[in-house]
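Q:
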Amino acid sequence: MRNPFVMDCGEFHVNYKQDMAIWKISRVRMRVFILLAIFAVFPMFASDYIIGLATLCGIAAIGAIGLNILTGFTGQISIGVGAFLGVGGYTSAILTAKLGLSFWIAMPTAGIVTAIVGGLFGLPSLRLKGLYLAIATLAAQVIILFVISRWDALTGGTAGMVLSRPELGSFVFYSERSYYYLMFVVLIITAIFTLNLFRSRVGRAFIAVRDRDVAAEVMGIDLFKYKVLAFIVSSFFVGIAGALLGHYTMVVSPELYSITVSIEYLAIILVGGLGSVFGSIYGAVFITLLPVVLRSGVEMMSGVFPDLSAVLIGMKEVVFGLVIILFLIYEPQGLAKIWKNIKDYFKLWPFSY
Amino acid sequence: MTFFLQMLVTGIVVGSVYALVALGFVLIYKSSDAINFAQGEFLLIGTYVCLTLITAYKIPFIAALLIALMFSAVLGFVIERIVLRPFIGEPVISMIMATIGLSSVLAGIVHIIWGHETRVFPKIFSEQPVNLGEIVIAPVYLWSLLIVVAMLIIFTLFFKYSKLGIAMRATADDQQAAMSMGISVKMIFAVAWAIAAIVSAVGGILLGNINGVNASLSAIGLKVLPVAILGGLDSIPGAIIGGLIIGILESLTGGYLDPLVGGGLKEVMPFVILVFILMFKPYGLFGKKEIERV
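Line by line, the protein sequences are chains D and V.
Position 68 (the first sequence) corresponds to 68 in this note's numbering; numbering is contiguous.
Position in the second sequence counted from 1, then plus 1000, gives you this note's numbering.
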């Protein structure tokens, strides 16, 4: 057996198959399984509050992976994720609360409906690029939210709708712990699907579109098809995340899906790492926990500065903005890159030359 | 008919303020290929500074206005220097996210300093309404229109005849060529940001006089985005015409359609128009189409 404390000094692939393998070396597989086991076991020991936070992080990660497919991998900026989450949440709410369908039908349907809506708003993407496309998705955000808050008969208008927790036979996912496992399974499926997507023809085409769309077209990639497809696939996962979130918080209302949410999701993939599945997860954890950490920090310091809690909302915004700007300036490839740097350092340690 | 004309006039006035703020977007886009999502916060800060000078320090309006404009200019200058300089030549998403981050920081600072409650400008313009035939207009609207028109003329002349203005146009046209002619492109960027901050501050002060000031005024920044895109991001006449189109349509929607659907359509209308226009003219009404090569 090899000494477990000795690291590999690099990855040396001799053929294409090795380079595309999902586990580059066999020990990575073992490490990932250990990590998964830790995440599967940890709710047994943690408090409900912690598990709840973890669930929110996981749901955000599912949505962020969806957005990353569109923005990080295909290079189409979307400022409309918030509204697409809303479409997912509301579809599931309407199907379960009004039509009495089961959650297990409603969640995939929510994904499909969101995918259709996303595809529709992706149609202009053939002619629009960069900033113009970003603004078109911003328009999607505003228009969808308007429809949601005005279509009272279907969505309950500004009052919103109340959802119930999903059931499986006689078991109800009512406890924090059970819902965590539900989220965990969906997250793993999402991550595996996306990791594999970018080893396939379609995923490669997405990346080609991002890197140089005109060149991709010259090489025979149907730009329109793949750009809209990226919108559809991405919106599907965002819709799933929306449905999960809706059934977790058990309420949907228009103000939960404002443009701030869209910006938060953009911040997640940016801080995590554009075009990285694991980056989306790191980013989701970072951005979801940021206000929580900040609040407890302020509470701790409130003895010294009693006025601090009054400016908490303002401080949150300042810190959130600063994090985005600092990451952009100092580590544009996000937490995924920082993690890779750390790994690379230890690969060479102690002979760092 | 009177109602229609009334709505039309209101639309023109609001539209001209939009045009002014949109001019800020266009200036920044023309010089540095970025959209400034923090435009709304620039507007808010300029307005609050002016208001604070008037109410807390009892400075007369004109002096307060000038100080606020100078403050905005410096703010724009400094922000370009600290935040935006590293993103010259970076991909579009970095620019977008940097200005979104900036807007969050500025919004937070505004919340910390000035809080959330709505404040009202002391009455600067007379309140005696002016009658034009059957249409009644508050003087503040007339003054706004006058100031906006004056500013747009000043800027047109500035770009056409002043040395700095010509340098800015040259930079917009071709950064490398401008550099080789001895123009400091970095300087131009900074000036563009300063001017953008000034025009938004003026827009904010005018809107603040009409509706009062609170933190939600910054939402105007997002609202004016369709204006800038509609006219074409790199066209100054486009910003003016786009502003008027959106202002008038919005006012008419508010007058005729909102009572039918129960309000709110006014806010969405600019975006609906935007999506339609972009389907047919992807670079806006007057935007320059970029030719792409592999």
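Glycine is no exception: its CB is placed at the ideal position from the N, C-alpha and C atoms.
Owing to the predicted nature of the structure, the values given are computational and were not obtained by experimental measurement.
Below 8 Å between beta carbons: does that hold for G1076(V) and E317(D)?
A: The residue labelled residue 1076(V) in the question sits at position 76 within the second sequence. The residue labelled residue 317(D) in the question sits at position 317 within the first sequence. Result no, Cβ atoms of G1076(V) and E317(D) do not sit closer than 8 Å.
Q: Throw me the rounded Cβ distance for the G235(D) and T137(D) pair, which I believe falls under 8 Å.
A: Within the first sequence, numbered from 1, the residue matching residue 235(D) stands at position 235. Within the first sequence, numbered from 1, the residue matching residue 137(D) stands at position 137. What sits at residue 235(D) in the sequence shown is Ser, not Gly. At roughly 11 Å, the Cβ-Cβ gap does not stay under 8 Å, so S235(D) and T137(D) are not in contact.
Q: Candidates F103(D), G122(D), A97(D) and I50(D): which alpha carbon is nearest G75(D)'s?
A: Stepping through the first sequence from its first residue, residue 75(D) is reached at position 75. Here the closest residue by C-alpha is G122(D).
Q: Is there contact here, the stretch 1135-1144 of chain V with the stretch 1005-1021 of chain V, by at least three beta-carbon pairs under 8 Å?
A: The answer is yes - the stretch 1005-1021 of chain V touches the stretch 1135-1144 of chain V, with three or more Cβ pairs under 8 Å.
Q: Would you list, in sequence order, the uninterrupted alpha helix (DSSP H) runs of no fewer than 4 residues that lie entirely inside the stretch 294-335 of chain D?
A: Runs found: 312-330.
Q: For V1130(V), which residues in the same chain have their Cβ closer than 7 Å to its Cβ, ignoring the five residues on either side in sequence?
A: Numbered from its first residue, the second sequence carries residue 1130(V) at position 130. Excluding sequence neighbours, V1130(V) sits near I1137, P1139 and L1142.
Q: Do I1096(V) and Y132(D) come within 8 Å of each other at the CB atom, strictly closer than that value?
A: If you number the first sequence from 1, residue 132(D) lands on position 132. If you number the second sequence from 1, residue 1096(V) lands on position 96. It is not a contact, given that the beta carbons lie outside the stated cut-off.
Q: Using a beta-carbon distance cut-off of less than 8 Å, what residues from the stretch 1252-1283 of chain V approach chain D?
A: Listed by position, the residues of the stretch 1252-1283 of chain V near chain D (Cβ gap below 8 Å) are V1261, G1262, G1264, L1265, E1267, V1268, F1271, V1272, L1274, V1275, L1278, M1279, P1282 and Y1283.
Q: Pull up the distance between the alpha-carbon of A1215(V) and that of I313(D), whole angstroms please.
A: Position 215 of the second sequence, counted from the start, is the residue given in the question as residue 1215(V). Position 313 of the first sequence, counted from the start, is the residue given in the question as residue 313(D). Whole-angstrom Cα-Cα distance: 13 Å.
Q: Give the residues from the stretch 1065-1085 of chain V that approach chain D closer than 7 Å (Cβ to any Cβ), ordered along the chain.
A: So the close ones are V1083.
Q: Mind checking if I1198(V) is an interface residue toward chain D, Cβ cutoff 8 Å exclusive?
A: Stepping through the second sequence from its first residue, residue 1198(V) is reached at position 198. Not one chain D Cβ lies under 8 Å of I1198(V).
Q: Taking C-beta pairs closer than 8 Å, name the residues in chain V that L322(D) reaches, listed in chain order.
A: By 1-based counting over the first sequence, the position of residue 322(D) is 322. By Cβ distance, chain V contributes G1101 and V1105.
Q: Looking at the C-beta of I313(D), does it have a partner C-beta in chain V at a distance below 8 Å?
A: Here the question's residue 313(D) lines up with position 313 in the first sequence. So, interface residue.
Q: On the three-state DSSP scale, how would you describe N15(D)?
A: Working through the first sequence from its first residue, we reach residue 15(D) at position 15. Residue state, collapsed to three classes: coil.
Q: State whether the stretch 1236-1249 of chain V contacts the stretch 1015-1025 of chain V, with contact taken as three or more CB pairs (one from each stretch) at a distance under 8 Å.
A: Counting Cβ pairs under 8 Å, three or more are found: they touch.
Q: Are S1031(V) and A1172(V) close, meaning C-beta to C-beta below 8 Å?
A: For the purposes of this step, residue 1031(V) is taken as residue 31 along the second sequence, with counting starting at 1. For the purposes of this step, residue 1172(V) is taken as residue 172 along the second sequence, with counting starting at 1. It is a contact, given that the beta carbons lie within the stated cut-off.
Q: Once the 5 residues before and after V117(D) are set aside, which same chain residues still bring their CB inside 6 Å of it?
A: Here residue 117(D) corresponds to residue number 117 of the first sequence, with the count starting at 1. V87.
Q: What residues in its chain sit with their C-beta under 6 Å from that of G358(D), if we drop five residues either side in the sequence?
A: Missing from the structure shown is residue 358(D); chain D here goes from 1 to 353 and no further.
Q: Tell me, to the nearest whole angstrom, how far the beta carbon of V1191(V) is from that of L1023(V); I am working on the premise that it is less than 8 Å.
A: Indexing the second sequence from 1 puts residue 1191(V) at position 191. Indexing the second sequence from 1 puts residue 1023(V) at position 23. 14 Å between Cβ atoms; not a contact.
Q: From I1112(V) to L1106(V), what distance separates their C-alpha atoms?
A: As a position in the second sequence, residue 1112(V) is number 112, starting the count at 1. As a position in the second sequence, residue 1106(V) is number 106, starting the count at 1. Between I1112(V) and L1106(V), the C-alpha separation is close to 10 Å.
Q: Would the C-beta of G321(D) count as close to the ligand GDP, meaning under 7 Å from any of its heavy atoms?
A: No copy of the ligand GDP appears in this structure; indeed no ligand is present at all.
Q: Roughly how many angstroms separate the alpha carbons of G63(D) and F1158(V), rounded to a whole number?
A: As a first step, residue 63(D) must be located in the first sequence, where it is residue number 63. As a first step, residue 1158(V) must be located in the second sequence, where it is residue number 158. G63(D) and F1158(V): Cα-Cα distance of roughly 48 Å.
Q: I need the DSSP call for E176(D), collapsed to helix, strand or coil.
A: Here residue 176(D) corresponds to residue number 176 of the first sequence, with the count starting at 1. E176(D) falls in the helix class under three-state DSSP.
Q: Note the first and the last residue of the continuous alpha helix (DSSP H) segment covering V41(D).
A: For the purposes of this step, residue 41(D) is taken as residue 41 along the first sequence, with counting starting at 1. Looking at the DSSP string, the run of the alpha helix (DSSP H) that includes V41(D) is S26 to V41.
Q: Judging by CA-CA distance, which residue of F237(D), M250(D) and Y282(D) is the nearest neighbour of G82(D)?
A: As a position in the first sequence, residue 82(D) is number 82, starting the count at 1. That would be F237(D), whose Cα lies nearest to the Cα of G82(D).
Q: Terminal residues of the continuous alpha helix (DSSP H) containing L1206(V)?
A: Locating residue 1206(V) in the second sequence gives position 206, where the first residue counts as 1. Taken as a continuous stretch (DSSP letters only), the alpha helix (DSSP H) holding L1206(V) covers V1185 to N1211.
Q: Please list, in chain order, the residues of the stretch 103-130 of chain D that have any C-beta partner in chain V closer than 7 Å.
A: Listed by position, the residues of the stretch 103-130 of chain D near chain V (Cβ gap below 7 Å) are P124, R127, L128 and G130.
Q: For R210(D), count neighbouring Cβ atoms within 10 angstroms of its own Cβ and tell me buried if that reaches 16, exposed if not.
A: Position 210 of the first sequence, counted from the first residue, corresponds to residue 210(D). R210(D) should be labelled buried.
Q: Could you tell me which chain V residues have their CB closer than 9 Å to the CB of Y132(D), listed as they occur along the chain?
A: Position 132 of the first sequence, counting from 1, holds the residue named residue 132(D). Residues of chain V passing the Cβ test: I1229, L1233, L1278, P1282, Y1283, G1284 and G1287.
Q: Per DSSP, which residues does I1137(V) bridge with? Please list them.
A: Reading the second sequence from its first residue, position 137 is the one you call residue 1137(V). The partner list for I1137(V) (beta bridge, DSSP) reads V1130(V).
Q: In three-state DSSP terms, what is E1041(V)?
A: In the second sequence, residue 1041(V) corresponds to position 41, counting from 1. Of the three classes helix, strand and coil, the one that applies to E1041(V) here is helix, per DSSP.
Q: Between V1227(V) and G1243(V), which are expected to be in contact by the criterion C-beta below 8 Å, what is the C-beta distance as a whole number of angstroms?
A: Locating residue 1227(V) in the second sequence gives position 227, counting from the first residue. Locating residue 1243(V) in the second sequence gives position 243, counting from the first residue. Indeed, because the Cβ distance is near 5 Å, the residues count as touching under 8 Å.
Q: So who's on the other strand from F171(D), going by DSSP bridges?
A: The residue labelled residue 171(D) in the question sits at position 171 within the first sequence. Partner(s): L168(D).
Q: Run down chain V in chain order and give the residues with a C-beta less than 7 Å from the C-beta of A336(D).
A: Numbered from 1 along the first sequence, position 336 holds the residue referred to as residue 336(D). Correct list: empty, because the minimum Cβ distance to chain V is about 16 Å.
Q: Tell me the residue span of the alpha helix (DSSP H) that contains P1270(V).
A: Start at 1 with the first residue of the second sequence, and residue 1270(V) comes out as number 270. Run containing P1270(V): L1265 to F1280, per the alpha helix (DSSP H) assignment.
Q: So, does the stretch 281-297 of chain D touch the stretch 1079-1094 of chain V, judging by three or more C-beta pairs under 8 Å?
A: The answer is no - the stretch 1079-1094 of chain V does not touch the stretch 281-297 of chain D, with fewer than three Cβ pairs under 8 Å.
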